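J.: Protein chains in written order, with this note's numbering: chain D, 1 to 84; chain B, 85 to 534.
Positions of the beta carbon are idealized from the N, C-alpha and C atoms, including for glycine.
Note that the coordinates shown come from a computational prediction; the quantities given were computed from them, not determined experimentally.
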Amino acid sequence: MRLKKNIAVSDTGFVFNPTTGDSFSINQVGQEIIRLLKEEKSVEEVKSNITSVYEIDASSFEKYYFDFLSMLRQFELLDEEDEH
Amino acid sequence: MEKKPFERPYIKKLQAGMPSKFGMKSQAEPITHIDNIPVSELLNDYGSPVYVISEKTIREKYKKARHAFTTRYPKVQYAWSYKTNYLDAVCRIFHQEGSWAEVVSGFEYDKAILNGVKGSQIIFNGPDKTDEDLKKAIENDSLIHIDHFDEMYSIIALSEKSGKRPKVAIRVNMDTGVYPMWDRFGFNYENGDAWDAINRIMINEKLDLVGLHTHIGTYMLTSNAYKIAAGKLADLAYGIERKYGVSIKYIDMGGGFASQNTLKGAYYPGSDTLPSFDEYAEAISSAILNSELNPRNLPILILESGRALIDDAGYLLGTVIANKRLSNGNRATIVDVGVNLLFTSFWYEHEVYPAAPVSEHLEETTIYGPLCMNIDVLREAIAFPLLKKGDHFVIKRIGAYNMTQWMQFITLRPNVVLIGLDGQVHIIRKQESMDNITEQEAVPVHLKEI
Chain D
1 MRLKKNIAVS DTGFVFNPTT GDSFSINQVG QEIIRLLKEE KSVEEVKSNI
51 TSVYEIDASS FEKYYFDFLS MLRQFELLDE EDEH
Chain B
85 MEKKPFERPY IKKLQAGMPS KFGMKSQAEP ITHIDNIPVS ELLNDYGSPV
135 YVISEKTIRE KYKKARHAFT TRYPKVQYAW SYKTNYLDAV CRIFHQEGSW
185 AEVVSGFEYD KAILNGVKGS QIIFNGPDKT DEDLKKAIEN DSLIHIDHFD
235 EMYSIIALSE KSGKRPKVAI RVNMDTGVYP MWDRFGFNYE NGDAWDAINR
285 IMINEKLDLV GLHTHIGTYM LTSNAYKIAA GKLADLAYGI ERKYGVSIKY
335 IDMGGGFASQ NTLKGAYYPG SDTLPSFDEY AEAISSAILN SELNPRNLPI
385 LILESGRALI DDAGYLLGTV IANKRLSNGN RATIVDVGVN LLFTSFWYEH
435 EVYPAAPVSE HLEETTIYGP LCMNIDVLRE AIAFPLLKKG DHFVIKRIGA
485 YNMTQWMQFI TLRPNVVLIG LDGQVHIIRK QESMDNITEQ EAVPVHLKEI
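This is the structure:
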């Protein structure tokens with residue numbers, strides 16, 4: 001699971017999809033996850049990364065993480081081809 | 085290293101287009117305290133959910149409403165509308181402030197008596213008064229507002245037996261230019277029924293016609309309807325004076341003043357569009373003062389406002405149970421407050437606030453209650469902060485009707501607490517227990533064993 005390659009992410013929390021022209025705003029935790037996804041980190045790596053910085057346990061984070069991914073999928077920001 | 089506070093990750097699509105100049109605030113201000121008591125402490129001490137009532141707000145609202153009328157009309161009397169909230173502590177605050185009681189059933193009548201209200205200061209409204217209720221009301225010199233001719237003849241028959249002369253008023257319904265017109269209660273003004281009722285009372289002489297009453301509707305969005313109604317009642321009072329030489333002692337304009345909640349489907353928030361007490365007061369007072377009635381012998385103006393006096397004083401505090409995504413990707417938040425506790429969510433877009441500071445990110449959310457029923461929706465769509473399981477929230481302006489129309493459905497009703505003027509928190513209705521429910525039930529012998 002990774003972010004589409006052409007998605008642009010600014011440091012101030014904006015995401016731009018040049019294919020569709022859509023732009024998005026994200027909060028800070030969202031930004032960090034997107035950064036980690038861009039680096040093609042695994043679920044476990046994202047989880048340990050975030051839980052070491054933020055006040056959240058791993059199982060709670062996992063819930064929010066998969067919810068966030070479903071939103072990225074809804075907005076067509078994920079590159080899912082290599083999963084098949 | 086200290087960890088940063090976590091907010092669930094969130095992404096929102098930005099919509100291009102013209103910004104709305106009527107745009108609402110995009111940040112949710114938290115309500116962390118109610119009358120200086122932390123919301124978290126209230127939930128911790130009294131459980132979740134919990135109803136909280138502010139005595140300070142009730143008294144302030146009452147004084148404001150009273151002031152709006154007393155500065156415009158010489159004789160004003162409020163009567164607390166029991167059906168809006170008949171918790172004894174709440175009623176007694178209004179009675180301490182000088183309100184009479186306005187009741188619509190034998191149950192409410194008994195409650196008012198138990199609260200120490202004098203019989204002569206109880207207004208008895210409503211279509212369902214049993215003979216037993218009426219006997220009590222006649223005995224106590226209460227003000228009986230007649231709803232229909234059947235009731236009038238019951239009262240006449242009872243007065244013959246008791247030898248007392250009951251004090252009555254008639255309820256009048258009328259066209260005030262608003263839709264829908266309420267014509268199910270009382271006697272119609274335009275078709276002559278009201279005069280018919282008045283004539284029968286005056287000719288019969290067994291009843292003492294002391295007042296005229298109307299209640300033109302609920303949540304009235306325009307004060308002008310009250311002006312028309314007050315004018316029509318004043319005309320009736322003047323007509324009675326001329327025809328029978330009897331002065332009507334009071335004109336009761338009922339209630340129906342809006343609180344500042346936003347009705348479903350309204351484009352602008354209620355706080356921006358609804359008339360103030362001053363506007364209602366101006367409309368009613370000026371109509372009576374400008375009528376033909378003799379200014380040296382004006383009737384008392386009675387007001388039965390309920391919702392507008394108590395809504396703001398009530399809060400419902402609760403906790404997020406879960407978040408989920410609906411099939412279209414929209415967020416849904418499930419909370420521990422359902423329509424069983426917040427009946428008014430069928431009418432209003434209630435304001436829901438986080439109980440702790442949150443980031444500026446809001447997400448279009450549907451808020452569901454905990455009942456396993458499809459109708460259990462508190463808000464269809466609200467820009468809501470990113471609350472997670474266990475976070476607390478506060479629903480504002482819920483003091484009216486929710487503590488009388490609540491339902492004991494699949495769960496027990498929670499504590500109701502009052503934050504007193506003394507700054508202390510008092511339980512004014514204990515949370516229900518299983519015993520409260522089962523002690524009312526009986527199991528036939530053949531069903532004892534299963």
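#1: Given a limit of 9 Å on CB to CB distance, which residues of the stretch 43-56 of chain D reach chain B?
#2: Under 8 Å, do B:A173 and B:A392 count as touching if we go by C-beta distance?
#3: Beta carbon of B:Y157, beta carbon of B:S360: below 8 Å?
#4: Determine the extent of the alpha helix (DSSP H) in which B:W279 is found, giving its start and end residues.
#5: List in chain order: all unbroken beta strand (DSSP E) runs of 3+ residues lying wholly within the stretch 240-281 of chain B.
#6: Who are B:P122's beta bridge partners in DSSP?
#7: Does any CB atom of chain D fall closer than 8 Å to the CB of B:I95?
#8: Once DSSP output is grouped into helix, strand and coil, what is the label at B:Q161?
#9: I'd like to know whether the C-beta of B:P114 is nearer than 8 Å to at least one C-beta of chain D.
#10: Go ahead and pull the three-state DSSP assignment for B:H297.
#11: By the DSSP assignment, the alpha helix (DSSP H) with B:Y146 in it spans what residues?
#12: Closer than 7 Å, Cβ to Cβ, to anything on chain D: give me those residues from the stretch 422-447 of chain B, in chain order.
#13: Contact check, B:A278 vs B:I254 under 8 Å by CB: the rounded distance?
#14: In whole angstroms, what separates the C-alpha of B:G131 from that of B:L531?
#15: Using a threshold of 8 Å, state whether the C-beta atoms of B:L470 and B:E444 are closer than that.
#16: Please report how far the alpha carbon of B:P89 lies from the alpha carbon of D:E55, in whole angstroms.
#17: Could you tell me the alpha carbon to alpha carbon distance between B:G295 and B:V252, rounded to whole angstroms?
#18: D:S25 touches chain B at which residues, Cβ-Cβ below 9 Å?
#19: Give the range of the beta strand (DSSP E) segment to which B:Y328 is assigned.
#20: Please name the residue in B:G390, B:T155, B:Y263 and B:A440 whose C-alpha comes closest to that of B:M337.
#21: Do B:L126 and B:L347 count as a contact pair if the criterion is CB distance below 8 Å?
#22: Quick one: what's got a C-beta closer than 6 Å to B:K195's C-beta in the same chain, skipping five residues either side?
#23: For B:P133, which option in B:M457, B:V421 and B:P438 has the closest C-alpha, if you only look at C-alpha atoms?
#24: For D:A8, which residues from the same chain have a beta carbon less than 6 Å from its beta carbon, with the 5 sequence-adjacent residues on both sides left out?
#25: Closest to B:E139 by C-alpha separation, out of B:V527, B:V509 and B:D519, would be which residue?
#26: Does the beta carbon of B:F90 come closer than 8 Å to any beta carbon on chain D?
#27: May I have the straight-line CA-CA distance separating B:S517 from B:E523, to the nearest angstrom?
#28: Just curious, the alpha helix (DSSP H) that D:Y65 is in, first and last residue?
#29: Taking the C-alpha atoms as reference points, what is the distance between D:V46 and B:I511?
#30: Which residues of the stretch 391-415 of chain B have a Cβ closer than 9 Å to any Cβ of chain D? Give them in chain order.
#31: Taking 8 Å as the threshold (beta carbon to beta carbon), is B:K145 in contact with chain D?
#32: Let me check understanding here. Comparing Cα to Cα, which of B:M457, B:A467 and B:A406 lies closest to B:K473?
#33: Flag this pair as touching only if the stretch 225-235 of chain B and the stretch 200-214 of chain B have three or more C-beta atom pairs under 8 Å; answer yes or no.
#34: In terms of residues, what are the limits of the beta strand (DSSP E) holding B:Y399?
#35: Chain B partners of D:I33, CB-CB under 8 Å?
#36: Is B:N345 near B:Y432, with beta carbons less than 8 Å apart?
T.: The relevant details are as follows:
#1: Going along the stretch 43-56 of chain D in chain order, one finds I50, T51, S52, V53, Y54, E55 and I56 with a Cβ nearer than 9 Å to chain B.
#2: Cβ atoms of B:A173 and B:A392: not closer than 8 Å.
#3: One thing to note: B:Y157 has its Cβ no nearer than 8 Å to the Cβ of B:S360.
#4: Per DSSP, B:W279 belongs to the alpha helix (DSSP H) from D277 to N288.
#5: Unbroken beta strand (DSSP E) stretches of 3 residues or longer found wholly inside the stretch 240-281 of chain B: 251-257, given in chain order.
#6: B:P122 is bridged by DSSP to B:H117.
#7: Interface residue, yes.
#8: Here DSSP, grouped into helix, strand and coil, assigns B:Q161 to strand.
#9: Not one chain D Cβ lies under 8 Å of B:P114.
#10: Three-state DSSP puts B:H297 in a strand.
#11: Here the alpha helix (DSSP H) through B:Y146 covers E139 to T154.
#12: The stretch 422-447 of chain B vs chain D, Cβ under 7 Å: S443 and H445.
#13: Contact holds; Cβ gap of about 7 Å.
#14: Each residue's alpha carbon lies about 35 Å from the other.
#15: Not in contact: B:L470 and B:E444 (Cβ atoms no closer than 8 Å).
#16: Cα to Cα, the separation comes out at about 5 Å.
#17: Near 7 Å, if we compare the C-alpha coordinates of B:V252 and B:G295.
#18: Contact annotation for D:S25 against chain B: Y94, I95, K96, K97, L98 and H445 [CB-CB distance below 9 Å, chain order].
#19: Here B:Y328 belongs to no beta strand (DSSP E); instead the alpha helix (DSSP H) covers N308 to Y328.
#20: Among B:G390, B:T155, B:Y263 and B:A440, the Cα nearest to that of B:M337 belongs to B:G390.
#21: No, these two residues do not count as a Cβ contact at 8 Å.
#22: So the list reads Y170, once near-sequence residues are dropped.
#23: Closest option to B:P133, Cα to Cα, is B:V421.
#24: Spatial neighbours of D:A8 in its own chain (CB-CB distance under 6 Å, excluding positions within 5 residues in sequence) are listed in chain order as F16.
#25: Comparing Cα-Cα distances from B:E139 to each of B:V527, B:V509 and B:D519, the minimum goes to B:V509.
#26: B:F90 counts as touching chain D.
#27: It is roughly 10 Å from the alpha-carbon of B:S517 to the alpha-carbon of B:E523.
#28: Counting along the chain, the alpha helix (DSSP H) containing D:Y65 begins and ends at A58 to Q74.
#29: Taking the CA atoms as reference points, D:V46 sits about 47 Å from B:I511.
#30: Near chain D, meaning a CB-to-CB distance below 9 Å, the residues of the stretch 391-415 of chain B are N407, K408, R409, N412, G413 and R415.
#31: For B:K145, the answer is no, since every Cβ of chain D falls outside 8 Å of its Cβ.
#32: Of the candidates B:M457, B:A467 and B:A406, B:A406 places its Cα closest to the Cα of B:K473.
#33: Under the 8 Å Cβ criterion, the stretch 225-235 of chain B counts as touching the stretch 200-214 of chain B, having at least three qualifying pairs.
#34: G398 to R409 is the extent of the beta strand (DSSP E) around B:Y399.
#35: Listed by position along chain B, the residues whose Cβ is nearer than 8 Å to that of D:I33 are P93.
#36: B:Y432 sits close to B:N345, with the two beta carbons spaced by under 8 Å.
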